[in-house]
Every structure is written in C-alpha cells, then in structure tokens.
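4 protein chains.
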Amino acid sequence: MTVRFGLLGAGRIGKVHAKAVTSNPLARLVAVADAFPKAASDLATQYGAEVRSIEEIEAASDIDAVVICTPTDTHADLIERFARAGKAIFCEKPIDLDVERVKACLKVVDAEGGTLMVGFNRRFDPHFQAVKSAIAEGQIGDVEMITIVSRDPGAPPVDYIKRSGGIFRDMTIHDLDMARFLLGEEVDTVTAFGSVLVDKAIGEAGDYDSASLILTTASGKHATISNSRRATYGYDQRIEVHGSKGSVAAENQRPVSIEIANGNGYTRPPLHDFFMTRYTEAYAREISAFIDCVESKSPASPSGVDGLIALALADAALKSVKEGRAIKVSEITGAMADKSVFQGR
Amino acid sequence: MTVRFGLLGAGRIGKVHAKAVTSNPLARLVAVADAFPKAASDLATQYGAEVRSIEEIEAASDIDAVVICTPTDTHADLIERFARAGKAIFCEKPIDLDVERVKACLKVVDAEGGTLMVGFNRRFDPHFQAVKSAIAEGQIGDVEMITIVSRDPGAPPVDYIKRSGGIFRDMTIHDLDMARFLLGEEVDTVTAFGSVLVDKAIGEAGDYDSASLILTTASGKHATISNSRRATYGYDQRIEVHGSKGSVAAENQRPVSIEIANGNGYTRPPLHDFFMTRYTEAYAREISAFIDCVESKSPASPSGVDGLIALALADAALKSVKEGRAIKVSEITGAMADKSVFQGR
Amino acid sequence: MTVRFGLLGAGRIGKVHAKAVTSNPLARLVAVADAFPKAASDLATQYGAEVRSIEEIEAASDIDAVVICTPTDTHADLIERFARAGKAIFCEKPIDLDVERVKACLKVVDAEGGTLMVGFNRRFDPHFQAVKSAIAEGQIGDVEMITIVSRDPGAPPVDYIKRSGGIFRDMTIHDLDMARFLLGEEVDTVTAFGSVLVDKAIGEAGDYDSASLILTTASGKHATISNSRRATYGYDQRIEVHGSKGSVAAENQRPVSIEIANGNGYTRPPLHDFFMTRYTEAYAREISAFIDCVESKSPASPSGVDGLIALALADAALKSVKEGRAIKVSEITGAMADKSVFQGR
Amino acid sequence: MTVRFGLLGAGRIGKVHAKAVTSNPLARLVAVADAFPKAASDLATQYGAEVRSIEEIEAASDIDAVVICTPTDTHADLIERFARAGKAIFCEKPIDLDVERVKACLKVVDAEGGTLMVGFNRRFDPHFQAVKSAIAEGQIGDVEMITIVSRDPGAPPVDYIKRSGGIFRDMTIHDLDMARFLLGEEVDTVTAFGSVLVDKAIGEAGDYDSASLILTTASGKHATISNSRRATYGYDQRIEVHGSKGSVAAENQRPVSIEIANGNGYTRPPLHDFFMTRYTEAYAREISAFIDCVESKSPASPSGVDGLIALALADAALKSVKEGRAIKVSEITGAMADKSVFQGR
C-alpha cells in the first residue's frame, strides 16, 4: 500500500516534509495547500503534486494522510477537521499553546479513533535514538540522572517570541519531551530559573533567554536542562544519561569534522548553525515512522498526549520561575476534567 | 537548462548515481540500460525513466550525458563510443587497468573535444574537501608531509581481486589520487611494500592485502600511505596534511556518535562498515559537480588524465614492490608516445 | 627565606602534603605530630623531620607554618590555637561543619591578623585554572551559565557520611566553591534536589547519594551541579562555563590515554578512580601557593571566608531539599552577627 | 637494599635523573661529578650528595651504580671503565655514534658480566607502555602495521646536528627503537627518504629535517615513521598499532586539557613543547626500572644490544636515503665480527 499525502503549508518546514514524503517509496505526495498560491504551486510542481484547497484535501478520496505545517494557531482546528475527515494526521508541534485547547482537541481525535502524531523530531535523531537504544539494552543499568544542554546559535526576533509562547514553550519543550522520552518515567516536579542575559528586548517582551531546569520523578530520578538563546559556536545539542551501571552521551554534530593544528592549538570547526541541517536525518526518519504507523495501523508515537504533556511541563516551568518553587506537574495536568486522554498511552 | 541523463549499468553503484541524478533539480534521468533487463526496468520504473539499449542511448537526441557504471573492462570502449556520440561522460574509475589502453582512450576523447569526468568520489567528501580548502586558504602554510591511512573492513573475494588489478589498482589508487589532489605537485617517485597478512588466498592469487607506500615529489614533499584489507573497527579513512605553519586532519566518520562509559572505559561505536554509507555525501556532490561542469561547459575534474596518472602511480607501486626500489613515475608515464593528454590540465 | 613546617596529622592526606612540602625548595618539614606515634615517626623518618606533640609545635620557634590534616572536629580548635601562636595555617576543608562555629573561629583568626588558607584543592588543578584564566582573559565574554558534573567512583561507607555532614557538606561543597570561583559573583539563591538511588543505607542515615542543584546570582547567572556517589567509569569531574562570546570546558582526566579499536568500537580507558591521583598536581600547586603566600605575606586564597561561604551554600542546599524551594543564601549568612569576616576579601 | 648512585654529568638531563633517583625510596644519590665544579656542587647540595671526581666514583666502595649523562663522545669510554669497576650502568643514549665502537664497548660489558641499561626513555611512557600491554594481552591480535608520527616543535641549532649524527641518529632512533619494541620481531629492511623543508642550513650541513621511513620484518609486518623537525602545534608523538583483531593508539599529550568554543570553532591548547615535560613520567619510571633491575640482579632492558640495533637501523636509514633502495639491516649488522652480543637477549 502507498500512503497518499496532502501537505498543508508549503513554507520552510513544509518543504522539508515534502522531500521526506517523496523520497519514501511507500508514500506519494498528492496535493499541497497553502495560503500563498505561488508557494503551493512551486512545491507541487517540484514533486509532481497538485495544488488543492484545504477543503478539497479534506474531502478527497485519494488522500490518506496529512502533514500540518501551517501556523501554530491553526493546528488544533485543522487536527479536529482532519480527524473528523478520517485522515491520519502528522502535525508539527505544538498542537496549541493552551493546555485546555489541546485537551479539547485530543478528545475529538480520541472520539474519532484517529491517528495523530506530533512532530518532536529529535526523538528520531539517529544519535539520540542510539542513546535510547543503549538504555533499552541495559547498557547503563537504571537511568538515574539526565543532563541536557540545548543552546541556539542566536536569539529569534522578539516578534517570534511573542507568538511562540516564550522560551519554555518553543525551545525548552523539545528538551522536556526528550527528558520524558529517556527517563522512562513521568516527571513529577519541575523547577526552573529564567534570566535575560542575551537580549534585553526579550526581557521587555516578558520572556527569558537563559534558563536552567531540574525535573524530578517519583522514584527520585533527576533531569537537568540548560538552555540559552545564544551559542557563538553553533547549535549546541547534547544529552547525557547517567545510570547505575554506566553512562551514555550523544555528542554534538558538526557539518565538517576536520581538525587544524597550529600555534594556537587544535581547532575543529563550529557546530551546525541551524536546526534543519542539524536534524536533517531526524526529519526524514520522523516521516518514515509516521508512514510506517499509517501503513501498519499502529499507534502513533510521539502521540497527541505526548504533545500535551510536554506543553504541561513547559507551563510548569514558567509557573516555577514566577513562583520560585518546585511545581508539581499534577498542578497543571490535574485541572484536566477528563484523564481519559492518557488512556491511549 | 536541464541535463538529460542516460545511465549505463543498473547495479549497486548505478543505483547510487541514479538517486543523485534524480535528486538534482538541474538534471533528469531519461534512460537506463543494463545487460539484465529486470535490473534496468526496476531502476527505470522507480525514477520514471525509460529502459533503452546502449545503442539507443548513443543515438538519442534527448540525452546529453551518460553515467558509465558497467564492468571495468567495458569502460574504455564505452567512453570512446559516447565521446564520438557527443555525450558528456561520467565514468566510474578506472578507465581501464592498462595504462596504454587508457592513453589510447583519452586520445579519442581529446580528439572529439569531449567532456570526461572520472569517478574519484573521495575528492568530493565534505571532510576531505575541507582539508583541501584549509590548505588552499594557507592555514597550514606549505604542504610538507601527508599521511593517509586507508583500511577496508574486510578483504574482498579473491575472484574480485583477480579482476580488479590487485590492491594497488583497486584500493590504493584512491589514496594515490588523494595524495596528488592534496600535494599540489606531481609525484616523482613511488616506493611500496606489500605483504600478505590477512588472507593467504590473496597471496596465492599473486596480490597483497597489506601495503605501505612512500611518495615523494621533486621539491621534497612526502606522502605516506598505509593500506590494509582488514579493519575490525570499520572503514578506516584518515588523512593528515602537515605543513610549514600547521597541520590539518580529517577524522574518521561513524554513523552514530554516542559514547558509552562504564567500568571498561569509554566506548564509541565502530566506523561506517561500507564505502557507500561512508561516502554517501561524496557521491551526491560528485554528480552535482559533473552536472555543473556539463551545464557550464567547464573542464571536468577529476579528468581522464587524473585517472591515467593515478593508474600509473598504482603501476609504479606494483613495480616497486617487485623490484625493491623507488620507482620514478616517469618510468611508467615516460613510455607515453604523446604527452598531449596532459595538456588539458 | 625557607618556610619551616609542622604537619598535624600523618594520615593519607597528611602524606600528600608532606611530599608537597618537602619537594618545594622554599620549604622545609621540621616536625610531624599524630595521635598514632608510629604514623608520625614513619612519616618524619621518611623526610628527615622530627616527631613532636601538638603543644611542642605550637611553642616551637623554628616553625613558621602548620598544615592541619587532623579529623574535621579538631580543625576549628587547632586553627584558633595556631593563630594565637602566630603560625601561618593551611587547613584541610572544612573548618567545621557548623556555620556558627566557623564564624567564631574566623573571628579569632581575624583578631590575630593571622594567615589562614583553606584546602579547596580543585582551585589549583591546572585544567580548572586554565578555565579560570580563559575567563579572566575574556575569551568567553561574560560568564552566563556554568555546568558542573561531579561524580564519585563509589559511595563512601555510611559511617563516613554520618561524620562528614552529608553529601552537600563533604562532596557538593567542592563544586559550590568551584561555582563561586568561576562565577565571579556571589551566589544569591540555591535550589537543590536529593535522592537515594545508589545505597539505601545512605538514605537510612538521613542523607542523599544523588543531587542536582541550581545556583543563581543577582545578575541572573546560573550554575548547575550534578552529583552522584556512583560512577562506574571513574572519577567524573567536568566543568563547563558558557559565556556571551563562547564557552570553555575542562575535560575529564584519565591516567592513560590510549584508544583501542575493534568490532565493539573505540574504547578509551576509564578515568582516574581516586581523588588523590586525579588531583596530584592540584595538591602540589596548592601547597606551593600557600608557601608563596606565607613568604610574600600576601592574603591567603582560598581564605577562611571562602570556606565559610562554601559551607553556607551547602547548608542552603540541604535546606532547599527539605523545604522544596529556592533558598536565599542570605537566609544562612544573614544570621551572622558580624559581617566583618568578609572584609578581607 | 638501597642502591647507591653516582651521577656523571649534572646538566639538564642529569638533573632529571637526580630527581628520579632521590625520589625513589630504594635508591640514594651518593655523589655527583661534572666537568663544571659549580654544576656538580649545586646539584649535590640540593640532594645532600657529595661532589666527587669520576675517578673517585670509579673507585668508591659506597657506590653500586652510575648514571651517565655526560656528552655522547664520552659514553663508550665511561661504560667500559665502570663496567670494569663493577658498577651497574645506566647510560643515556646513544652509546656511541659509530656502530663498530658500540660493538667493541658491548664486548667489554659482556666480558665483565656487567649490567648496562640504555636510556630509551619512551619505552617507559605510561601511554606507550599501555599500548605495549594491550598488544601483550592480545587485545589487537597479531601486530601487522605500525604507524609512528614523531615531530619536534622546532629544529635544533645546526651545531647540534653536526655533533648528533643527524636526524636518523638523534631523532628517528627513538622511533626505530619504539618500532622494534612494539613489532615483536626484528626489522629486516629499512627504506627511508629525507628532505630539507624546514631549514636550509640543515641541508647545507648534510642532513635532513623531514624524513619518512618504512620498516619491514621477515614475516611481512610494516612500520611507517614520519619525522619532521617542525611542528607549530607542539611535540607531536603518536603511535598506532594495527593488528589482526583491532588497533591501539597512543594519543598526543598536552599540559592542559581544556576546550574553548567560539565562532572559530572548538580549540584545545597546543601539545607539550618540550621532551622533558612530555616525558616527565617516563624518566621517573625509567630510573625506577633500572633500580629494580640492579636490586633484583635481573637483565637490563633496554639493553646495550637494543642500543646497538637502534643505531644500526638509523645507519640503514641513512644508507637507504643515499642509495634510493631498501637496505637489509644485515648489511649493517652483518659486519659484526661477533654476533654473541645478541646472546643476552
């Protein structure tokens, strides 16, 4: 069976997913929709697909699955529409910036029995997957302490931060998901500190550009996250998991691995300077995993609930900064009227 | 302009080039030929190309360039035919195992004014290119001594070795080309030692599985090459260039870069175990460079003459092993009736 | 001038300091005292010194300085006695486990105008000193975030933990001092989490074996500390300082730096397995620094106040674990009647 | 038993050995001799030894062993004198620059049944010893190919080169000995190339500053050596041994191991810039091994014959450069009238 795709949103990340879909022998890109007709038609032409409206894709009998790459504030609505239309859904993170809206959306998906995968691309990075595998194989014994260092090469424009929900919801959320992915146990408390060291304008917009977090679990595991919006040496993405029998670490990646030695010492080039080049392979593997799950009708992972929990952790972090104390995650998720959204896990 | 391609040979390396051609927005794969009809049709179908015979491709007005991936003993003939047919030619190395046959072939290409690029893929590896760039930028001053370590994960079947021309012509030849590429000066003498340490059958077939070489240039630069048909830890491919102001080295590549620490120490995974995964990016860049050169009608590099010289160096190495002395490269190339083949350089 | 030394305590760490004193051309070891006569006489004999009682050393006119390596609960009393006796004092950390006792002791030293250096040996490690120098030279711009990972090869006996004041006072205290040393700004808040993952007996003794901390400063800098009493791969001691213009990190040290490659990958040996071999050079440099300071009559660093503040940070950490909130360091140090102890800084 | 030492030569290397002797609890430095009285008395005073003449040391009943650190041209004579005087002898390399003189000297030592250890300090480097141990433990299977890169930070004065016997006898000789040490089989042929790339004055003095060598053994093992008198990044000393089951490598050593990351990339400091700091530990272990051998009356290693063979390999290298061919080592050693010097091995 070939999975037939509609792509919603032909921007930067839409192009990445279009390439992943068309490179996969089990998939076909049938249609592209975008608010900008030229963006849609350029991408459709490149890959021999058609331009269609969202409504046409929704109604199309020749489309099995959609990839949602539209602006964040449209995600939840589109997920609900396409769940009702019976399409399998891959949606870029986040589902929404509001936990209650996410919960409502997931109820719709749940009611329709639909497939929803959320785009935490880092779970598909080959190096982080190798960390996960090493843990699963018992190579480090029981997981005890995780250290995540995650720094962007530079701060985004303040306008972006205003829309993104701030550092915890747009940046740390990846690390929060990764911590959950590797801890093998739900996070119980979140403690966070934020400060403004990089760009005063970020502070004026009410956000932080430097953050440190400690997550704890009920059994006493710890995860530490260190974030900065600035790293002169490139896109710094390191994970280390310390366990009872050993430790496993994923090193930083650089586009070119040479070393130049001279009187100043030994110098290796900077890291990747952009998430798209750093995570090229992760994006390809992510769509492959989605195609596999649609084909095999198996549950999607990371699921909508994974998206919800990561958002709740980000909210807990923000609350912790404001209140100067450890926040029980249940303070955020406890407000959920219906815990059934977790049932699918 | 789009460069329209015919692919000759749909085997392992043909598939790699087919993917590179179809991924390039400036190129189109029009036809595939192979002695095995099913191999040709499978590959053609996957990329929306036609199956054609070699004769049809030769005569086709809708084909600008060919990629020759057929068995080695057909290369020289095909190059001559397609040069006469006015097609730009990319040919997998070697042109032929016999220096005189290569010279004759290059004369034909030269006479037709054709474009011929020879597949020394390693020149396009991003890491080795970065080494070359560092030299070109003057970061290490004058090149003085090059150290190349090149080891295969395992020995090929003896049958392959019988056809391949032996370790110097099938394996060392890549390192000889790389040494020339980086020395920036022609090799003057070749001294080589060969022994059989890995597989007695290789010795019985008259070849070696372990080799050490020293190349010298007229100005006194040295290059050292260390080859083995066995490396339990993967495909070992290292280059280091020592210069008057510093040194630059390209490190080994591994598919996954994690590190596991425990009581045994700190362990990183083995290297790539296959040239195709090690040089994935090099193959893609190689075809891109060929397309650029066809499009811009600029001289191909590495050229047919580069292929000829690398072969002559391999022949010199073999002669050195047999005679136990340094061989002047001019002893091999001096027999050329017509030095004009070097004019294009 | 030669600095003439009395050594109080001929145990494990006493031997280390005896070697450092006798290796230094500016110093001489005159006398050794120990509650166990044989320990004192063995060490004295080895280095041509005399065995004397503490009282004799106190009264000796041929002794300028003492090194205190006796059990912790004797430190404060001995410091006071030798300060009154006009000897320069090097004391192993901690001065005492009780902040108020430390303050009282420092007042005596202050009143006598004496020289007191506290043994935070890691400040003298050549690698950490190079980190400090890189910061001082402006190589990374303004310090923003510090990450310290500090893990012991194995947990000490529970008896030791009962006497030592627990993980924060015997182990984390080194990292707390290092954070202060590198932050270049006093710590404002301490948040800590502790759990028992390694040895239940430690938990039963009321202590933790795994701890994570975040320190913040008034200007918004963060330091993260990750501690464990277990590391199968050796004595894990890493520091990384992230700044506005770059980052500097001190790598782990191992006694032997070879790498073995085979089918399992590339393996380097484990780290040092003991603080004495890891910090051999630091111990030697530490005593040299003390000798320099005695000779030049310059202020000792790290000072008694440095010892006091590190202890206060450890106390704040413990309070934070118990109360689940960020502790203002002034909550601990604010109780000090007389802030004048800080004047010497 | 305590080994009582006389030290001949109180220069740079004499001081290193004096420290090693006095630090060893099994040894005592009794006397120091030097042509410059002040050099002798300064060193003797520092370590509580006496100044004596060479004749007095020769005749002394309270001296068991001597360390010869005098100029090279006195070594062979002194070895003979002290062998006749019944002292155990540690002599800095080389015994002499002339193979025949060395052979004559060793016959005297042999006739007296004396103990003679030659100072190939690198055999005692902990990292190279770990390489040797890994081989001995079978971790890499059978040794097949050795790669040694050995580069000095800068060229010595031409005057030194004139006295030293040239690059092969003063610099490469260490690598030749190391190759023998690790090959586990005698070298059969030596092929060498030399050129002048660093300092023309070296060429004018008839020597080379850049050299590449290939050694082969009868069973087909290869060792490659790459030497330069220039390395802007410090004292480059690397060894890699490739075997049938894997590979082991000793990495370069640097005094400080930090890494600074910024927009230029990741930079580690240069290597040691001097053999004495690079091989500090090796010098200490070397003297310990000599003391052990004197104490236990076991054969010294490296022996006088090891010194002889290394010199013969250096001579073979020089001959190879001059004649442009592989030199059988037996061409050099075959001239030995009496092979019995090898019997002690």
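Residue numbers (this note's numbering), protein chains in the order written: chain X, 5 to 349; chain Y, 5 to 349; chain S, 5 to 349; chain D, 5 to 349. The C-beta atom is built at its ideal place from N, Cα and C for all residues, glycine as well.
Which residue from the options puts its Cα closest to that of residue i?
i                     : options                       : result
residue 252 (chain D) : D:52, D:142 and D:294         : D:142
residue 299 (chain S) : S:28, S:267, S:12 and S:22    : S:28
residue 25 (chain S)  : S:292, S:329, S:307 and S:320 : S:292
residue 76 (chain X)  : X:294, X:229, X:122 and X:206 : X:122
residue 115 (chain S) : S:124, S:131 and S:87         : S:87
residue 337 (chain X) : X:315, X:327 and X:328        : X:315
residue 72 (chain D)  : D:190, D:49 and D:16          : D:16
residue 285 (chain X) : Y:260, Y:264 and Y:302        : Y:260
residue 250 (chain Y) : Y:90, Y:135 and Y:37          : Y:135
residue 99 (chain X)  : X:209, X:177, X:281 and X:183 : X:177
residue 165 (chain S) : S:207, S:59, S:132 and S:130  : S:207
residue 247 (chain Y) : Y:140, Y:46 and Y:14          : Y:140
residue 204 (chain S) : S:283, S:245 and S:161        : S:161
Within its chain, find whatever has a CB closer than 7 Å to the CB of residue i; leave out the 5 residues flanking it on each side and keep chain order.
i                     : result
residue 235 (chain Y) : 155, 156 and 157
residue 31 (chain S)  : 6, 7, 9, 25 and 295
residue 34 (chain Y)  : 8, 9, 10, 53, 54, 66 and 67
residue 319 (chain S) : 103 and 336
residue 95 (chain X)  : 72, 79, 83, 120, 122 and 123
residue 109 (chain Y) : 80, 83, 84, 99 and 100
Quick one: does the C-beta of residue i sit closer than 6 Å to a heavy atom of the ligand PLP?
i                    : result
residue 16 (chain S) : Because no ligand of any kind appears in the structure shown, any question about the ligand PLP cannot be addressed here.
Could you name the residues of the same chain whose beta carbon sits closer than 6 Å to that of residue i, not counting the 5 residues immediately before and after it, in chain order?
i                     : result
residue 288 (chain X) : 24
residue 119 (chain X) : 92 and 304
residue 322 (chain Y) : 172
residue 374 (chain Y) : A question about residue 374 (chain Y) goes unanswered here, because the residues of chain Y that appear run from 5 up to 349.
residue 271 (chain Y) : 264
residue 198 (chain Y) : 212, 215 and 325
residue 332 (chain X) : 193
At 8 Å on the CB atoms, spell out the chain D contacts of residue i, in chain order.
i                     : result
residue 52 (chain X)  : Chain D residues near residue 52 (chain X): none, gap ~42 Å exceeds 8 Å.
residue 269 (chain X) : 237, 271, 272, 273 and 274
residue 134 (chain S) : 260, 262 and 273
By Cβ distance below 8 Å, which residues in the same chain neighbour residue i in space, the five residues on each side in sequence not counted?
i                     : result
residue 346 (chain D) : For residue 346 (chain D), the predicted model reports a pLDDT of 41, less than 50, meaning its position is unreliable and no value from the coordinates is stated.
residue 226 (chain Y) : 148, 149, 150, 218, 219 and 220
Note down, in chain order, every chain S residue with its Cβ under 9 Å from the Cβ of residue i.
i                     : result
residue 285 (chain X) : Result: empty, since nearest Cβ-Cβ is about 20 Å, beyond 9 Å.
At a CB-CB cut-off below 7 Å, which residues of chain Y make contact with residue i?
i                     : result
residue 153 (chain D) : 151
residue 265 (chain S) : 237
residue 334 (chain D) : By Cβ distance, chain Y contributes nothing, its closest Cβ being about 14 Å from residue 334 (chain D), past 7 Å.
Determine the chain D residues that contact residue i at a beta-carbon separation under 7 Å, and present them in chain order.
i                     : result
residue 142 (chain S) : Chain D residues near residue 142 (chain S): none, gap ~11 Å exceeds 7 Å.
Give the residues of chain Y in contact with residue i, contact being defined as C-beta atoms less than 8 Å apart.
i                     : result
residue 224 (chain D) : 199, 200, 201 and 214
For residue i, which residues in chain X fall below 9 Å Cβ to Cβ?
i                     : result
residue 28 (chain D)  : By Cβ distance, chain X contributes nothing, its closest Cβ being about 35 Å from residue 28 (chain D), past 9 Å.
residue 255 (chain Y) : 261, 262, 263 and 272
Find the residues of chain S that neighbour residue i, judging by a C-beta separation of less than 7 Å, and give them in chain order.
i                     : result
residue 295 (chain D) : Going along chain S, no residue has its Cβ under 7 Å from residue 295 (chain D), so there is no contact; the nearest lies around 17 Å.
residue 131 (chain D) : 260, 261 and 262
Interface residues of chain X around residue i at Cβ under 7 Å?
i                     : result
residue 328 (chain S) : 329 and 330
Which chain S residues sit within Cβ distance under 8 Å of residue i?
i                     : result
residue 250 (chain D) : 264, 265, 266 and 267
Considering only residues of the stretch 191-278 of chain Y, which uninterrupted beta strand (DSSP E) runs meet the minimum length of 3 residues and lie entirely inside it, listed in chain order?
-> 191-199, 214-221, 226-232, 240-247, 251-254, 262-266 and 269-272, all fully within the stretch 191-278 of chain Y.
Those runs of the beta strand (DSSP E) which lie wholly inside the stretch 60-110 of chain S and span at least 3 residues = 69-72 and 92-96, all fully within the stretch 60-110 of chain S.
Per the contact definition of three or more C-beta pairs closer than 8 Å, is the stretch 104-119 of chain S in contact with the stretch 50-60 of chain S?
-> Cβ pair count under 8 Å is below three, so no.
List in chain order: all unbroken alpha helix (DSSP H) runs of 4+ residues lying wholly within the stretch 112-158 of chain S.
-> DSSP runs (the alpha helix (DSSP H)) wholly in the stretch 112-158 of chain S: 130-140.
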